[in-house]
Amino acid sequence: MSPKKPLPGATGPTTLGPRMARTEVRHSTSFVALNALFMMAASAVAAWALLPVYDSTRYLLVAAVAILGGAGVAVLCDRLRWGASRVALLSALVYIVVGLTLAVPGALTSVSEIADAALDLVRGPVTGWKDIVTLPLPLGDYGTTLVPVLALFLAGTATSTWLAIRARRLWPIAALTAALLVIIAIAIGPAVRADALPWAPFGVYASREFLVGIAAFAVLLSWFGWRAWYTRRQAIATAFGAGGVQLATSSHASRLAGASAALVMVVVGVVAAVLVTAPIAESTPREVVRSTLDPRLVVESKVSPLSSYREYFGDDAFAATLFTVNVEDGDPQRVRLATLPYFDGEEFSAADPQGSAVARFQRVPSHVEVEGQTEEVTATVSIGAQSGIWVPIVGELGSLDFQGARKATLVDGFYYLADADAGVMVVDDGLLSGDAYKVNGERPAEMPSLTEIGDPPGVSTISPELIPDSLHEWVTRQDTTADAAGLAELVRRLRVRGYLSHAIESTTDGETPAWQRALGEYSFASSASGHSFDRIDRLFQQLNEREGEVGNADEELLVSGVGDDEQFATAVAMLASDMGFPSRVVIGARLTDTDAQGFAAPPCEAGVCRGENMTVWTEVQSDKGAWVPIDVTPQHATPVSPDVANQRDPQYASALDPQRAEPIVPPVTQRGQSDDDKPDAQELTTGWQWVGPALRIAGISLLGMLILFGPFLAILIWKLARRNRRRRGDARDVVYQGWDEYLDDAVDSGLPPLPRATRTEVAREYGTQNAVALATLTDRVTFGNVTVDDATADQYWTLVAADRSELLARKSWWGRVKMRLSLRSMWSEVRSNGATQAKSAESKAPQRWKSGAGMRSEHSLVTASHRRRTSAQSRHTHKRKKKS
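In the working numbering, the protein residues as written are 256 to 1139.
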């Protein structure tokens, strides 16, 4: 048996049979290198997508080494004719080396560190993803967070490169592998989109994520185009080498025009896709793994609402409508905004600082079961200026129905902690003005008072180390019982001996703040914000010092502790916890007046809750599990007495000369005035504000129509360009190409190709009015060497146009559209040497005309050589005539 011929693009004989021959195929070095480069480029796009998660130089180094290592392993194993098992073995070796040297910082400092790093390399690809999607960004090179990235890019690049090089039929799977890397990088990426690109044209919203998608699409599309070209070239070489058919080659200009048209269509499609999807992306929240795992991340990332409590008493927020509660059923007394059970010494929060809380925020099912004897409460809440993650809730939640345009987004982003009756919205912006929802809840049928809850359960929710000694000293001075009644008395004394103040300074820009004006005859006292261990310690020190000075005097002389709900709610929670009552702090507003002492902020008027209505209260739990609210706001009628306190002037007073003092005029922006000399920028642009949106809408509409009708328009333009190209050149060539145009028109009209028929036979079979004349003239030019001038060529094309009109007239309206848009004539022509035959066409024409390899008649193909011989001479003569 003689050796078999090697396949095109392969080296070496294949003498081991078909099955063994497939394993011996070796592609050229350029083929292997180009495939590797394309796969590395796709992996680099994925690494770019993941860059904001790490934002570190070490990440770039690890990703680059992993991508180069994966591609290098695949290329090396292909060149050495090794199998997939050795690819996996070498990849594992590269993983270990790079992991110990780069991915795990400090891994080589000691033997114990090497052992720990080796264990991290084993666990990292399985468990390391949790750290990536839960830790705050950017990660940098923290811990072992680079280990999963190393495994991802190394394995992904090695697999895609190996498939691209070695897979004979399933090589497109390499693109799926590369695309999967990009998808994973996006899925574990940041939950917030990058800022809009300032250079985006026409004001279109486009961010970094758009560029990642376009880059991945461009790389994979280019690779598919190159592989298709390479595969086609191999097929041509195989067919030509076997003595079969050969595709007719087109001119360089034709190939360039086709490639340019394809490139233009791709660019137009990408631009149109960006313009159409940009408004959707701008208004749709970004959903990745990080944003759907656990709302604890969102809660911890926000400042404690108790720390920002005083913002409600700024002049802007004090009178602003934060939210509106429209009660439809029941009689709720309070609306809670945030419940804060955990204290870490610095602030109260909704998330356990130790991270070991049993209770977790969870998605809400269709209905939440509420235990005990309750009454139904139904209310509709409309959000105003109270934006953020905290969801105002009335009673214990049974169900919650969101309303409005953002309903689907809000449903997906709402999480609820049943033990705290608190809800959070974990979408990027939280609740926004205009959002609304209906609350179906429950409230206890009977709420016991503080004095009725009995003895403490003996469970402390605040660590004893976080309760200051000054609190213990103050409690000892009060000599009360260690039960609910004693706690109620301590709370009463604390409120009476405290003094309300929301600020350190008495004025803002020279004006009395709104919260002071609302209190009537009020004497200002400075009060620092915060509710840390030190702040509460100073509060009780003030109380102890005053009581030490005046003893058991009248309550008015004992007023000394200055603060607001933030400090006093924390103080009461500490008192309750120190006594053995579980306690927590709640921020919200009262819908009815519940404060018997009358110190608390006024309730919401007709359900409209403003900044002045926001308050903080403490809740303590009885031994039966009921949470009892306690109003804690201190009094503001009796100020701190200055003549009893031990006060003195500063030791080093500042010198002040009244004769030389000059008034300081605040800037215009701080005086609340505007410069009348400067026109309002908005007035200058009002007349042209419609231009941008109008152009954007028009552009998107035009691009949408281009996407819809662009392919059909491209077909018409291509046929027109082909027709014009055929009418240029020497008159003899124009006649030959006119006959080709006639055949294309006939085939596009639905007539069968007749590759074995002569021109005269084709003309009689098609039966158009001028078909015989066209065939006769073409044969005379071909065989009779008849001289043809430009006038004859123009007359010939006039007959072709007349027959085209006749073919169109035979059709219905829809048939004419199909003929004009038909692509049957677009396929490449073939030249046959008679060795192969194509499948027979179905028609009523004689069978001897049907069989053949192509659409052109065999008569035309046979005379093609004569046409080519005379073509060069004719073009030369044509050029000489033009010069003369």
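For every residue, glycine included, the Cβ atom is placed at its ideal position computed from N, Cα and C.
Around the CB of Asn695, 16 or more other CB atoms lie within 10 Å, so the residue is classed as buried. When secondary structure is reduced to three states using DSSP, Leu1029 falls in the helix class. Using a 10 angstroms sphere on the CB of Leu963, the tally of other CB atoms stays under 16, which defines it as exposed.
Here Glu821 is near Arg565, since their CB atoms are less than 8 Å apart. Counting along the chain, Val827 sits inside no beta strand (DSSP E); it lies in the alpha helix (DSSP H) bounded by residues Asp820 to Met834. Val353 is a Cβ neighbour of Leu405, given a cutoff of 8 Å. In the assembly as shown, Phe1038 is an exposed residue. Its beta-carbon has fewer than 16 other beta-carbons within 10 Å. The straight-line gap separating the alpha-carbon atoms of Thr414 and Ser365 is approximately 34 Å.
By the neighbour-count criterion, in which a residue is buried when 16 or more other Cβ atoms sit within 10 angstroms of its Cβ, Lys879 is exposed. Annotation: the continuous alpha helix (DSSP H) that includes Ser1060 extends over Asp1045 to Ala1064. Look at Lys693 here: in three-state DSSP terms it is strand. Contact between the stretch 568-586 and the stretch 657-668 is not established, with fewer than three Cβ pairs separated by less than 8 Å.
Contact between Val841 and Val871 holds, since their C-beta atoms are separated by about 7 Å, short of 8 Å.
With respect to Gly480, Leu409 sits apart: the two C-beta atoms are not nearer than 8 Å. In chain order, Asp820, Phe854 and Ala855 place their CB closer than 6 Å to the CB of Thr888, counting only its own chain and leaving out the 5 sequence neighbours on each side. DSSP lists Thr635 as the beta-bridge partner residues of Asn581. Sorting Asn290, Trp645, Phe472 and Thr284 by C-alpha distance to the C-alpha of Phe669 places Trp645 at the top. In this structure, Tyr991 is the residue among Ser283, Thr1015, Thr1013 and Tyr991 with its C-alpha nearest to the C-alpha of Asp1049. Separation of His786 and Val522 (C-alpha to C-alpha, rounded to the nearest whole angstrom) is 59 Å. In the displayed model, Trp426 falls within coil according to three-state DSSP, outside both helix and strand. Taking a cut-off of 8 Å on C-beta distances, the stretch 676-690 does not touch the stretch 705-717, as fewer than three cross pairs fall below it. DSSP, reduced to helix, strand and coil, places Arg482 within a helical segment of the structure shown. By the Cβ criterion, the stretch 339-359 is not in contact with the stretch 431-440, since fewer than three pairs of Cβ atoms, one from each stretch, lie closer than 8 Å. Rounded to the nearest angstrom, the gap between the Cα atoms of Asp1034 and Val1055 is 16 Å. Contact between the stretch 672-684 and the stretch 590-602 is present, with at least three C-beta pairs closer than 8 Å. Annotation: the continuous beta strand (DSSP E) that includes Arg591 extends over Arg589 to Leu595.
Between Leu1062 and Thr1015, the C-beta gap is not smaller than 8 Å, which leaves the two residues out of contact.
Between Tyr754 and Gln890, the CB-CB gap stays under 8 Å. Listed in chain order, the non-local C-beta contacts of Ala304 below 7 Å within the same chain comprise Val437, Ala440, Ile441, Gly444 and Val467, local neighbours out to five positions each way being set aside. Taking C-alpha positions only, Thr762 is separated from Ala808 by approximately 33 Å. Exclusion of the five residues before and after Ala575 leaves Gly639, Ala640, Arg865 and Gly866 as the residues of its chain whose Cβ lies within less than 8 Å of its Cβ. CA-to-CA, the gap between Ala700 and Pro307 works out to about 52 Å. Here Phe795 carries a helix assignment [DSSP, helix/strand/coil]. Within the same chain, Val580, Val590, Ala844, Arg845, Leu846, Arg865 and Asn868 come within 8 Å of Cys859 by CB-CB distance, once the 5 residues on both sides are set aside. As DSSP reads the structure, Trp882 sits in a beta bridge with Gln876. At a Cβ-Cβ threshold of 8 Å, Ala372 and Leu355 count as neighbours.
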